[in-house]
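S.K.: Let me give you the structure first, and then I'll get to my questions.
There are 2 protein chains.
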Amino acid sequence: MRLKATISYDGTHFSGYQIQPNGRTVQGKIEKVLTKMHKGKAVRVIASGRTDQGVHAVGQVIHFDTDLEIPLSNWKKALNTMLPDDIEVVDIQMATEDFHARFDVIEKEYRYFVLNSDKRDIFKRNFYYFVKEKLDLSAIQLASNHFLGTHDFTSFCGTNTNVKGDKTRTITDISVEQRGDTMIFRVRGTGFLYNMVRIIVGTLLEVGLNKKKPDDIPQIICQKDRSQAGNTAPAQGLYLWEVSYQEKS
Amino acid sequence: MRLKATISYDGTHFSGYQIQPNGRTVQGKIEKVLTKMHKGKAVRVIASGRTDQGVHAVGQVIHFDTDLEIPLSNWKKALNTMLPDDIEVVDIQMATEDFHARFDVIEKEYRYFVLNSDKRDIFKRNFYYFVKEKLDLSAIQLASNHFLGTHDFTSFCGTNTNVKGDKTRTITDISVEQRGDTMIFRVRGTGFLYNMVRIIVGTLLEVGLNKKKPDDIPQIICQKDRSQAGNTAPAQGLYLWEVSYQEKS
Chain A
1 MRLKATISYD GTHFSGYQIQ PNGRTVQGKI EKVLTKMHKG KAVRVIASGR TDQGVHAVGQ
61 VIHFDTDLEI PLSNWKKALN TMLPDDIEVV DIQMATEDFH ARFDVIEKEY RYFVLNSDKR
121 DIFKRNFYYF VKEKLDLSAI QLASNHFLGT HDFTSFCGTN TNVKGDKTRT ITDISVEQRG
181 DTMIFRVRGT GFLYNMVRII VGTLLEVGLN KKKPDDIPQI ICQKDRSQAG NTAPAQGLYL
241 WEVSYQEKS
Chain B
1 MRLKATISYD GTHFSGYQIQ PNGRTVQGKI EKVLTKMHKG KAVRVIASGR TDQGVHAVGQ
61 VIHFDTDLEI PLSNWKKALN TMLPDDIEVV DIQMATEDFH ARFDVIEKEY RYFVLNSDKR
121 DIFKRNFYYF VKEKLDLSAI QLASNHFLGT HDFTSFCGTN TNVKGDKTRT ITDISVEQRG
181 DTMIFRVRGT GFLYNMVRII VGTLLEVGLN KKKPDDIPQI ICQKDRSQAG NTAPAQGLYL
241 WEVSYQEKS
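Chains as they are written, first to last, in UniProt numbering: chain A, 1 to 249; chain B, 1 to 249.
Here's what the structure looks like:
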């Protein structure tokens, strides 16, 4: 039986999603719990994709196979009881045998939270990127529109990527709004390169600080040169918000 | 020269404010930094009072003496550069030689944050107390009024207190408000017993869950018996919010 779970995690104390020999990882913790539940039989978990160290998830999606005869309604509680308190199973559903959490992704949404205030907030340090200088929201919004659609995003791809081939990706929706002293960036797309959202946000922040102009964006995209874009915004403001699949499981 | 500093800290990863031989403490971290700045000469820090493990502070106040010739304007940055990222010096001022962060306190304000929602929020787990059952705000507000004024708060004093004498304290202001799914308790008073705010909040939450009635409060106060009050609300929702002094330093 294949199960599809939506999970949320606070990335602060993880060395990222993906399992690694040394380091506390989300995948490592989930597989450890599942293996325990399966009396030592190793259970492999497949996610929609990785997230980096310090990056959070509100709606990461995973799948795994099980032969345990636990009623579906008990799975969520069983997992949440055994998982550490910085990982939470939000929802768990039966999936078809051919459902694949990575290959079947249609769209992903990331959100990025900036605290734009003259005062630091110690309680937000792991969850927001703090920018002291006043950001120009209208300039950022103008600039953000240039990312919409299908482009070669080479300029917005982290240099230690392992994507060798084509860097064309499609952004289906992008918006930036301000709520009090919080600026929220939303980016939806059919696929993302390594650090792509963080580099887009980093570049938009330079626009917001008047270091770049909104109309510089098309040129930066055309140049296909990472050094033309802005800095990679730090991990702690980024959330994998939602993963969409065609099937309605 | 005596300095008075207002500090904020995220209590999550501290074994409380007060220094102890083993365990990471706020006082320990600050004294370590100050001692380093004073080339190894031990510097003692006095706070307005302790906070327990997991309790936060937005406006804790401390004082210490120094003979360093650092301009006042550089102190804040110097300390914040050396302190860990879960402690922040918010403000630092020159104080009179007889200013005392503990003895000169006139009033303290604590706030307590409850997430009253049908859904847990993993990003708030260290900063709010999560209550799933719908709370009755009006009942809580009615009940809270009974705490105002001067009472013997024996029923609201943690049993491992080291206060031997009189347990009469004065609450000068108390209010409870709801903002979205957040319920915020504010308590101001001239002095507090061990765990007093957490027991008051725990008792008010029982009123909010209809396990106690608003008019039970005067009776609970009169009984001077800890077992009559509600549970001690957990540490992570509590913030030492503000400490007031007469002098205007």
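Here a beta-carbon is modelled for each residue, glycine too, at the ideal position from N, C-alpha and C. Everything numeric in this text was worked out from a predicted model, so none of it was measured.
1. Closer than 8 Å between beta carbons: that is the criterion. Which residues of the UniProt domain "Pseudouridine synthase I TruA alpha/beta" (143 to 246) of chain A meet it against chain B?
2. State the DSSP-derived secondary structure class of residue 289 of chain B, mapped to helix, strand or coil.
3. If you reduce the DSSP assignment to three classes, tell me which class A:H13 lands in.
4. Any Cβ of chain B within less than 8 Å of the Cβ of A:R111?
5. Could you give the first and the last residue of the continuous beta strand (DSSP E) run that contains B:Q93?
6. Got a sec: is the Cβ-Cβ distance from B:G15 to anything in chain A below 8 Å?
7. Assign A:F127 to one of two classes, buried (16 or more other C-beta atoms within 10 Å of its C-beta) or exposed (fewer than that).
8. Hey, out of A:D152, A:D98, A:S175, A:Q53, whose CA is closest to A:S15's CA?
9. Can you give the beta carbon distance from B:F156 to B:M183, rounded, assuming they're within the 8 Å contact cut?
10. Closest to A:L3 by CA distance: which of A:V55, A:A95, A:Q20, A:M37 is it?
11. Compute the beta-carbon to beta-carbon distance between A:K164 and A:F153, rounded to the nearest angstrom, for a pair I have assumed lies under 8 Å.
12. Does the separation of the CB atoms of A:I171 and A:R198 fall below 8 Å?
13. May I ask which residues mark the beginning and end of the beta strand (DSSP E) holding A:Q178?
14. Please list, in chain order, all residues of the same chain as B:L79 whose beta carbon is under 6 Å from its beta carbon, the five residues on each side excluded.
15. Name the one or two DSSP bridge partners that A:R188 has.
16. With three or more beta-carbon pairs closer than 8 Å as the criterion, would you say the region 43 to 61 of chain B touches the region 234 to 241 of chain B?
17. Applying the criterion that 16 or more other CB atoms from any shown protein chain within 10 Å of the CB defines a buried residue, is B:K108 buried or exposed?
18. Kindly indicate if chain A contains any beta-carbon less than 8 Å away from that of B:F127.
19. Kindly indicate which three-state DSSP category A:A5 falls into: helix, strand or coil?
20. So, is B:T6 buried or exposed, given that buried needs 16 or more other C-beta atoms within 10 angstroms?
21. Counting only Cβ pairs nearer than 9 Å, list the residues of chain B close to A:D52.
22. To the nearest angstrom, how far is the alpha carbon of A:F192 from that of A:R169?
23. Applying the 10 Å Cβ sphere with the 16-neighbour rule, what's the burial state of A:G202?
24. Going by DSSP, what residue range makes up the alpha helix (DSSP H) through A:T35?
25. Which residues of chain B have a Cβ atom closer than 8 Å to the Cβ of A:E88, listed in chain order?
26. Whole angstroms are fine: how far does the CA of A:R111 sit from the CA of A:V243?
27. Can you round the beta-carbon distance between B:Y239 and B:H56 to whole angstroms, since I take them to be within the 8 Å contact cut?
28. Which partner residues does A:Y194 have in the DSSP bridge list?
29. Is it the case that the region 136 to 149 of chain B contacts the region 200 to 217 of chain B, given that we only count it when at least three CB pairs across the two stretches are under 8 Å?
30. Taking 6 Å as the limit between beta carbons, can you name the residues of its chain near B:R125, skipping five residues before and five after?
31. The alpha helix (DSSP H) spanning A:Q228 covers which residue range?
32. Tell me the rounded alpha-carbon separation between A:G180 and B:Y9.
33. By alpha-carbon positions, which one of B:N160, B:K41, B:N145 ends up nearest to B:S175?
34. Round the Cβ separation of B:I106 and B:Y17 to the nearest angstrom and send it over; I've been treating them as touching at under 8 Å.
35. Can you pull the chain B neighbours of A:D91, defined as C-beta to C-beta under 8 Å?
36. Would B:P71 be called buried (16 or more neighbouring beta carbons within 10 Å of its own) or exposed?
M.R.: Walking through what the data contain:
1. none
2. Because chain B in this structure spans residues 1 to 249, residue 289 of chain B falls outside the shown range and cannot be described.
3. Taking the first residue of the first sequence as 1, we reach residue 13 of chain A at position 13. Looking at A:H13 - three-state DSSP - the assignment turns out to be helix.
4. Reading the first sequence from its first residue, position 111 is the one you call residue 111 of chain A. It does not; no Cβ of chain B falls within 8 Å.
5. Residue numbering aside, residue 93 of chain B sits at position 93 when the second sequence is read from its first letter. Start and end: 87 to 95.
6. In the second sequence, residue 15 of chain B corresponds to position 15, counting from 1. For clarity, residue 15 of chain B is Ser in the given sequence; the question names Gly instead. Chain A, which has no Cβ nearer than 8 Å to the Cβ of B:S15, makes this no.
7. Here the question's residue 127 of chain A lines up with position 127 in the first sequence. The residue is buried, with at least 16 neighbouring Cβ atoms inside 10 Å.
8. Along the first sequence, read from residue 1 onward, the residue named residue 15 of chain A stands at position 15. Of A:D152, A:D98, A:S175, A:Q53, the residue nearest in Cα terms is A:Q53.
9. Residue mapping note: residue 156 of chain B aligns to position 156 of the second sequence, counting from 1. Residue mapping note: residue 183 of chain B aligns to position 183 of the second sequence, counting from 1. Not confirmed; about 19 Å, so no contact.
10. In the first sequence, the residue the question calls residue 3 of chain A occupies position 3. Answer by Cα proximity: A:A95.
11. Here residue 164 of chain A corresponds to residue number 164 of the first sequence, with the count starting at 1. Here residue 153 of chain A corresponds to residue number 153 of the first sequence, with the count starting at 1. In fact, because the Cβ distance is near 15 Å, the residues do not count as touching under 8 Å.
12. Position 171 of the first sequence, counted from the first residue, corresponds to residue 171 of chain A. Position 198 of the first sequence, counted from the first residue, corresponds to residue 198 of chain A. The answer is no: Cβ separation not under 8 Å.
13. For the purposes of this step, residue 178 of chain A is taken as the residue at position 178 of the first sequence. Note, A:Q178: beta strand (DSSP E), 168 to 179.
14. Counting from 1 along the second sequence, the entry for residue 79 of chain B is found at position 79. Correct list, in chain order: V89.
15. By 1-based counting over the first sequence, the position of residue 188 of chain A is 188. According to DSSP, A:R188 bridges with A:E109, A:D173.
16. yes
17. What you label residue 108 of chain B is simply residue 108 of the second sequence in a count that begins at 1. Flag for B:K108 reads buried.
18. Locating residue 127 of chain B in the second sequence gives position 127, counting from the first residue. Interface residue, yes.
19. The count along the first sequence starts at 1 and reaches residue 5 of chain A at position 5. In the structure shown, A:A5 sits in a strand (DSSP, three-state: E or B).
20. Position 6 of the second sequence, counted from the first residue, corresponds to residue 6 of chain B. Buried: at least 16 other Cβ atoms inside 10 Å.
21. Sequence index remark: in the first sequence, residue 52 of chain A carries index 52 (1-based). Chain B residues near A:D52: none, gap ~17 Å exceeds 9 Å.
22. The residue given as residue 192 of chain A occupies position 192 in the first sequence. The residue given as residue 169 of chain A occupies position 169 in the first sequence. One C-alpha to the other measures close to 7 Å.
23. The residue you call residue 202 of chain A lines up with position 202 of the first sequence. So A:G202 ends up on the buried side.
24. Here residue 35 of chain A refers to the residue found at position 35 of the first sequence. Looking at the DSSP string, the run of the alpha helix (DSSP H) that includes A:T35 is 26 to 37.
25. Residue numbering aside, residue 88 of chain A sits at position 88 when the first sequence is read from its first letter. R120, I122, listed in chain order.
26. The residue given as residue 243 of chain A occupies position 243 in the first sequence. The residue given as residue 111 of chain A occupies position 111 in the first sequence. Those two C-alpha atoms are separated by around 12 Å.
27. On the second sequence, position 239 is the one that residue 239 of chain B refers to. On the second sequence, position 56 is the one that residue 56 of chain B refers to. Contact flag correct, Cβ pair sits at about 5 Å.
28. Taking the first residue of the first sequence as position 1, residue 194 of chain A is located at position 194. In DSSP, A:Y194 forms no bridge with anything.
29. yes
30. Looking up residue 125 of chain B in the second sequence gives position 125. Nothing meets the Cβ criterion.
31. Walking along the first sequence from the start, residue 228 of chain A turns up at place 228. Careful: A:Q228 lies outside any alpha helix (DSSP H) and carries neither H nor E.
32. By one-based count along the first sequence, residue 180 of chain A stands at place 180. By one-based count along the second sequence, residue 9 of chain B stands at place 9. Whole-angstrom Cα-Cα distance: 23 Å.
33. Mapped onto the second sequence, residue 175 of chain B falls at position 175. If we check each option's Cα against that of B:S175, B:N145 comes out closest.
34. As a first step, residue 106 of chain B must be located in the second sequence, where it is residue number 106. As a first step, residue 17 of chain B must be located in the second sequence, where it is residue number 17. That pair is no contact at about 20 Å.
35. Here residue 91 of chain A corresponds to residue number 91 of the first sequence, with the count starting at 1. None at all; the shortest Cβ gap to chain B is about 11 Å.
36. In the second sequence, residue 71 of chain B corresponds to position 71, counting from 1. When all chains shown are included, B:P71 counts as exposed.
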